[in-house]
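Colleague:
Protein chains in written order, with this note's numbering: chain Z, 668 to 975; chain L, 768 to 1023.
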């Protein structure tokens, strides 16, 4: 079976700033998560895939055709850009109608597409309002509507959940999963691991412009879980909690906060640690005010993986 | 989608958006300045208003308003999309880039032309209120309007091409309008023919003693070349703008 998207020796740089370097990738139908810290090259890759940038070296094809200078391809491709841009003087409905008409829909068919796309992202009631009156999250949903209105076979989504409220985050993730189930292809980028994890198990890890790992998320999770994690806990009696935690063999170190209102625990077995934490805290009568993971971000995960 | 249909869709959408844009409102106010001046002259000294009309047209419209309108409307065709990072929406639809550029350019040109024509008409009415039945006066208005639209076309296509080529084209455009065009038009011999304003002024009735700068004078060209040269130059600039826009990679992120 031919891949939907194929990149061969793909490289791109801006002046002396590296975008991506020597990327080989084949994407089949279904959802693929493009995961990497900010500046890793995810957006550059997606912009090349969406025909916005020309590769410096190598080539990228979608449905077997080159993308750059090939507007016909956009009948089958939808792109949701990362940056917060819009025609602020237009209304949301007028903006989507313009794009629907440029996709070749006219009259009732265009109106139907606009209605469906806006309803999917929950903006139907706000269609007459100018875009400048939309919140950040609404503008993000409008961008998503612009990408899905023609029901493309390949959907390229660059950080589609950024700035979206929790309720719509869940709905959008569901919509993306539905798209994948329909046999379409979705490439969705994020720098937040749990976001991608909630949508797909097929991920591509990208770091410093290169593909660092590709495959099933569980195997990559395993790599991540074999490295120590830090968890900060705010509670009124941190020493009391530390006593209970240290008794378990899943804690490799503890540091107390300078203000005496918390502690930071290092663990190699994060899942086990979290399953034990709540009962221990309850047992000690030690009400936990906050739990944060200082290293639970993708940059830290990459640092672990590349051995920094 | 066929390029002609896409061009029509883009033209209609951006013309409507342009009517509501703050920039258009600002230029309506700017275009009202010569009209106000004409009304003042009319009230103070009605006999002088005919001559003053020609002076206003030459000094305010042809040397200032027309090139400035062309600069802002022409360069915004592409630059506005880059500044607002909205180009991505028009380049991820099944439409050729030339249709995008031409549709946007035509919308910008029509908006600027309406501003110029509206201002001209109001100035003319203020100047020739007592001779509205004089065909010669209307002929003069037609001549000025035709020359202004020709100038607008030539300037705006030049600035559209410049905007397609570089991101901050306004500065270079201002230098062209207030530097090159303002000074070189008075150079002797063929040098002045390298300005747009030379050909446009050659079409207009220049009052005696006008059109001079220091010791040099406008040396008018014949009417036919004065129409054909700006027209051909405008078409050439438009082709260059399309050529650049179809091939150039526009980087909308901060990486550039």
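We put the beta carbon where it would ideally sit given N, CA and C, even for glycine.
Please list, in chain order, the chain L residues whose beta carbon lies closer than 7 Å to that of residue 827 (chain Z).
Modeller: In chain order: nothing, as chain L lies at least about 14 Å away.
Colleague: Can you find a CB in chain L that lies within less than 7 Å of the CB of residue 842 (chain Z)?
Modeller: False, the Cβ-Cβ gap to chain L never drops below 7 Å.
Colleague: Residues in its own chain within less than 7 Å of residue 978 (chain Z) by CB, not counting five upstream and five downstream?
Modeller: Residue 978 (chain Z) falls outside the range modelled here, since chain Z spans only 668 to 975, and no answer is possible.
Colleague: Go ahead and pull the three-state DSSP assignment for residue 997 (chain Z).
Modeller: Nothing about residue 997 (chain Z) can be reported from this structure: the residues present for chain Z run from 668 to 975 only.
Colleague: Starting from residue 880 (chain Z), follow its DSSP beta bridges and name the residues at the other end.
Modeller: Answer is Z:872.
Colleague: Determine which residues share a DSSP beta bridge with residue 960 (chain Z) and list them.
Modeller: Residue 960 (chain Z) pairs with nothing; no bridge assigned.
Colleague: Please list the terminal residues of the continuous alpha helix (DSSP H) segment that includes residue 710 (chain Z).
Modeller: 709 to 716
Colleague: Do three or more CB pairs link the stretch 875 to 889 of chain L to the stretch 821 to 839 of chain L at distances below 8 Å?
Modeller: These segments touch.
Colleague: Taking the C-alpha atoms as reference points, what is the distance between residue 918 (chain Z) and residue 866 (chain Z)?
Modeller: Looking at the two C-alpha atoms, the distance is approximately 31 Å.
Colleague: Does the distance from the C-beta atom of residue 1017 (chain L) to that of residue 857 (chain L) stay below 7 Å?
Modeller: no
Colleague: So for residue 726 (chain Z), helix, strand or coil by DSSP?
Modeller: strand
Colleague: Measuring only the C-alpha atoms, how far is residue 705 (chain Z) from residue 688 (chain Z)?
Modeller: 16 Å
Colleague: Just list the residues that DSSP pairs residue 897 (chain Z) with in beta bridges.
Modeller: Z:933
Colleague: Over what stretch of residues does the alpha helix (DSSP H) that includes residue 699 (chain Z) continue unbroken?
Modeller: Unbroken run through residue 699 (chain Z) is the beta strand (DSSP E), 697 to 702; no alpha helix (DSSP H).
Colleague: Give the range of the alpha helix (DSSP H) segment to which residue 969 (chain L) is assigned.
Modeller: 963 to 969
Colleague: Could you check if residue 958 (chain L) is buried or exposed, using at least 16 other CB atoms within 10 Å of its CB as the buried criterion?
Modeller: Result: exposed.
Colleague: Which residues in the same chain as residue 898 (chain Z) place their Cβ atom closer than 6 Å to its Cβ, once the five residues preceding and following it in sequence are excluded?
Modeller: 932 and 960
Colleague: Would you say residue 905 (chain Z) lies against chain L (beta-carbon separation less than 7 Å)?
Modeller: Not one chain L Cβ lies under 7 Å of residue 905 (chain Z).
Colleague: In angstroms with no decimal places, state the Cα-to-Cα distance between residue 990 (chain L) and residue 773 (chain L).
Modeller: 37 Å
Colleague: Should the stretch 941 to 957 of chain L be regarded as contacting the stretch 880 to 895 of chain L, the criterion being three or more beta carbon pairs within less than 8 Å?
Modeller: Contact fails: fewer than three Cβ-Cβ distances are below 8 Å.
Colleague: Assign residue 896 (chain Z) to buried or exposed, taking buried as 16 or more other Cβ atoms, counted over all protein chains shown, within 10 Å of its Cβ.
Modeller: buried
Colleague: Can you list the alpha helix (DSSP H) stretches of 4 or more residues lying completely in the stretch 810 to 856 of chain L, in chain order?
Modeller: The stretch 810 to 856 of chain L contains these whole alpha helix (DSSP H) runs: 816 to 823 and 833 to 850.
Colleague: Residues of chain L with CB closer than 7 Å to the CB of residue 719 (chain Z), please, in chain order.
Modeller: 855 and 858
Colleague: Which same chain residues end up closer than 8 Å to residue 918 (chain L) when comparing Cβ atoms and leaving out the 5 residues on each side of it in sequence?
Modeller: 829, 833, 834, 837, 963, 964, 967 and 997
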